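Q: In my numbering, the protein residues as written are 228 to 366.
Ideal Cβ positions, reconstructed from N, Cα and C, are used throughout, including at glycine.
Bear in mind that the values here come from a model prediction, so they are computed numbers and not experimental data.
(1) Any contact between the segment 285-296 and the segment 248-262? By contact I mean 3 or more CB pairs, one from each, below 8 Å.
(2) Tell me which same chain residues have a C-beta within less than 6 Å of the C-beta of residue 320, skipping the five on either side of it?
(3) Nearest by alpha-carbon distance to residue 313: which of 270, 307, 323, 297 is it?
(4) So if DSSP puts residue 334 in a beta bridge, which residue, or which two residues, is it bridged to?
(5) To the nearest angstrom, how far is the alpha carbon of residue 318 from that of residue 236?
(6) Comparing alpha-carbon positions, which option in 329, 342, 252 lies nearest residue 302?
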């Protein structure tokens, strides 16, 4: 389902769905990959957290909003994808009117935990404001 390979690599079979990346990977002696599958109801948020390596998201359905101290990234509709470098705190929220079903990959230094929950960062509410604006445009 996921392939982590050099940019020139090509699959010998299967069906290509999406290219996501490149991932901004820092040098490490060894790497580990954590794959996640998630279903978020509209408005649902992941707990505030950081990753020790880059994370790539792919949504099968629904809309995605990712807020960090650097700002906000949004992905809309089936096939939307986002990439974020390791390190910054983040808030992930399902926006739109249908559930967000998706996959994620965290590629990290194997000596570090992939995810750490945090409590010392406070998002600005960019995803919530964007979701409210989307709802008012539909009404």
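A: To lay it out plainly:
(1) The segment 285-296, when compared against the segment 248-262, does not touch it at the 8 Å Cβ threshold.
(2) Position 93 of the chain shown, counted from the first residue, corresponds to residue 320. Cβ neighbours of residue 320 beyond the five flanking positions: 272, 292, 354.
(3) Along the chain shown, read from residue 1 onward, the residue named residue 313 stands at position 86. It is 297.
(4) The residue given as residue 334 occupies position 107 in the chain shown. Residue pairing of residue 334 in beta bridges, as defined by DSSP: 260.
(5) Here the question's residue 318 lines up with position 91 in the chain shown. Here the question's residue 236 lines up with position 9 in the chain shown. When the Cα atoms are used, residue 318 and residue 236 turn out to be separated by approximately 32 Å.
(6) Along the chain shown, one-based indexing puts residue 302 at 75. The shortest C-alpha separation from residue 302 is found at 329.
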